[in-house]
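Only one structure is covered here, and it is reproduced in the block below.
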Amino acid sequence: MLQRFDERNRDLIVNVNGKLAHRDEAGVSPFDSVVQGGDAVWEGLRLYDGRIFKLEEHLARLRSSALALGFTDVPTNDEIIAEIRRTLAAND
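Below you can see the structure in the form of structure tokens.
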């Protein structure tokens, strides 16, 4: 499904495997397993008044999905939260 471009995201900084990059430079290698085999897990997060909505529920679902796909090196909640905070700070 094609998404419409949201001008507010023009200069978005994204986090790919712990590396922060401008959205236009974030690229994923065509040889990455996420492209080759479709083995990826993600959660979309919303911020309301500077707080992430239902973060614990998102993290539980993310972890459950990753384990269901057989991922063995799933970061801890604290590690994920640290990366979320780092990414949010880069976009502030």
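Going left to right, the sequence shown walks through residues 920 to 1011 as my numbering numbers them.
Idealized CB from N, CA, C, for every residue including glycine.
The structure presented is a predicted model; accordingly, all values stated were derived computationally and were not measured.
Host alpha helix (DSSP H) of residue i (start-end)
i: Ala979; result: 974-987
i: Asn928; result: That residue, Asn928, is in no alpha helix (DSSP H); it is neither H nor E in DSSP.
i: Leu1007; result: 996-1009
Burial state of residue i, where buried means 16 or more other Cβ atoms lie within 10 Å
i: Leu986; result: exposed
i: Leu978; result: buried
Supposed close pair residue i, residue j - CB separation, criterion 8 Å
i: Asn934; j: Thr995; result: Not confirmed; about 16 Å, so no contact.
Cross-strand partners of residue i (DSSP beta bridge)
i: Asn934; result: Leu939
i: Arg970; result: Tyr967
Residue i CB to nearest heavy atom of the ligand NAP below 8 Å
i: Ala1008; result: This structure lacks the ligand NAP, and indeed carries no ligand of any kind.
Same chain, Cβ closer than 6 Å to residue i, neighbours up to 5 away in sequence not counted
i: Ala1009; result: Ile932, Leu939
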